[in-house]
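Only one structure is covered here, and it is reproduced in the block below.
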Amino acid sequence: MATGSKVDVRRGEVARVDFGGCVLWGDDGFLLRATVRGRLMGPRKSLGNAVVVGDFVGYQVVERTTRPGAMPESAFEEAVVVDVERRRNVFSRRAAGRVPVEQVMAANLDQVIVVASYADPPFRHGFADRVLAQAERAGIAARLVLNKIDLADDREGSARAILEAYAAVGYATHAVCARAGEGVSELAGACDGRRSLFVGHSGVGKSTLLNTMVPGLDLLVGQVNQKTGKGRHTTTAACLVRPAPGFELIDTPGMRAFGLWGISPRDLEEAYRELRPHRGACRFGDCAHVQEPGCAVRAAVEAGEIPKARYESFLKLRDELAREVAAEATRLKGTP
1201 MATGSKVDVR
1211 RGEVARVDFG
1221 GCVLWGDDGF
1231 LLRATVRGRL
1241 MGPRKSLGNA
1251 VVVGDFVGYQ
1261 VVERTTRPGA
1271 MPESAFEEAV
1281 VVDVERRRNV
1291 FSRRAAGRVP
1301 VEQVMAANLD
1311 QVIVVASYAD
1321 PPFRHGFADR
1331 VLAQAERAGI
1341 AARLVLNKID
1351 LADDREGSAR
1361 AILEAYAAVG
1371 YATHAVCARA
1381 GEGVSELAGA
1391 CDGRRSLFVG
1401 HSGVGKSTLL
1411 NTMVPGLDLL
1421 VGQVNQKTGK
1431 GRHTTTAACL
1441 VRPAPGFELI
1451 DTPGMRAFGL
1461 WGISPRDLEE
1471 AYRELRPHRG
1481 ACRFGDCAHV
1491 QEPGCAVRAA
1501 VEAGEIPKAR
1511 YESFLKLRDE
1521 LAREVAAEAT
1531 RLKGTP
């Protein structure tokens, strides 16, 4: 029968969450596998969002021996998470599926970095604007990185135009070519001393970018993943690594889509920072900013104060949110 003893509660950080447990950065800087005390998981006894990457937790180390007289090397350390500290912020998205469910991607962030590509796949305002809107909703600073600028025929024109549209509304932007290392050191400098969450559409070259920025990152991710028993060196779930003191990076799997969470069609205006100064100046209080007379937002678009592409993505995303609200109302109406 296994025997064990517990020590005082220590402070750690969640590096990865897996089915039934998580991987922690311990107070000694080493990784260890941990289970989560049942009372933290709620009535369904599911991790859900109870413990997420980036959480600061209290844990106890339990040393167990498999059987009396076993060889010393058969003993292993296992931690139990007993407490989760109050989160400074969370970055969430709507989980895939018909029923709206929040998926907290990470907590206690300093910044969210949206990685996009100029081409292959082509830049998509919709994806970038969704992530930026969610960051605004969470009160987290955000940056936009445009990778593969070497694929632009007119680099000084088309690629720069994309970045200038976002820089004009106050976002920090970076033009990079991950394969050639162009612009990567500047991005690394912007991450130094911060905890950064990297989010990108599938195929934009995020993994190449991160491995260029942090040589050996795949090995660091592999060390965390090995603690789950899978031994993979690819990012299959959000993973927090520490390339250097004070430099924390959270890598996430490439995404096909990004659904907003906690933002209503009306709230979306607040999540587009360039709309805020104008929306109160419209002639009508319920102005939809489409074709109403005296619309200050449309006037700002025509004057070049609001990028047209951002305005169009706002309208498209607001319509999408309205459809989601209607679909959920229909679903609830049909629920016994």
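Each residue of the sequence shown is one higher than the one before, counting from 1201 in my numbering.
By construction, the Cβ of each residue, glycine as well, lies at the ideal position given by its N, Cα and C atoms.
Just the C-alpha distance for E1528 and E1520, rounded to the nearest angstrom, thanks. 12 Å
Taking C1439 as the reference, give the member of F1230, H1401, D1208, V1214 with the closest Cα. V1214
Is it a yes or a no for the segment 1313 to 1320 touching the segment 1395 to 1406, going by three-plus beta-carbon pairs under 8 Å? yes
Which residues bound the beta strand (DSSP E) around A1295? From DSSP, A1295 is part of no beta strand (DSSP E); its letter is neither H nor E.
Sort out for me which residues DSSP pairs S1396 with in a bridge. Q1311, L1449
Determine which residues share a DSSP beta bridge with A1341 and list them. Q1311
Using the C-alpha atoms, what's the distance from K1406 back to G1331? The question names Gly, but residue 1331 in the sequence shown is Val. Taking the straight line joining both Cα atoms gives about 15 Å.
Between the segment 1321 to 1337 and the segment 1471 to 1489, do three or more beta carbon pairs fall short of 8 Å? yes
On the CB-based measure, 16 or more other CB atoms within 10 Å of its CB, does A1250 come out buried or exposed? buried
Would you tell me roughly how many angstroms separate the C-alpha atoms of R1379 and L1232, rounded to the nearest one? 33 Å
Assign F1291 to buried or exposed, taking buried as 16 or more other Cβ atoms, counted over all protein chains shown, within 10 Å of its Cβ. buried
Where in the segment 1475 to 1512 do unbroken runs of the alpha helix (DSSP H), each at least 4 residues long, occur, reported from the N-terminal end onward? Taken in chain order, the complete alpha helix (DSSP H) segments of 4 or more residues contained in the segment 1475 to 1512 are 1476 to 1479, 1496 to 1502.
Can you say whether A1295 is buried or exposed, counting buried as having 16 or more other CB atoms within 10 angstroms of its CB? That one is exposed.
Since V1280 and V1301 are thought to touch, with beta carbons under 8 Å apart, how far apart are those beta carbons, to the nearest angstrom? The Cβ separation is near 27 Å, so there is no contact.
Out of F1327, A1526, C1495, E1386, which one is the CA nearest neighbour of G1454? F1327
Is it right to say E1273 is buried, meaning 16 or more other beta carbons lie within 10 angstroms of its own, or is it exposed? Summary for E1273: the model assigns pLDDT 37, below 50, so the residue's position carries little reliability, and this model does not support an answer.
Name the residue from A1306, A1437, F1447 whose alpha carbon lies nearest to the alpha carbon of M1413. F1447
Express the C-alpha separation of R1216 and I1463 in angstroms, rounding to a whole number. 27 Å
Does the separation of the CB atoms of I1340 and S1396 fall below 8 Å? no
Rounded to the nearest angstrom, how far is the Cβ of V1345 from that of L1387, given a contact under 8 Å? 6 Å
Kindly indicate which three-state DSSP category D1329 falls into: helix, strand or coil? Three-state DSSP puts D1329 in a helix.
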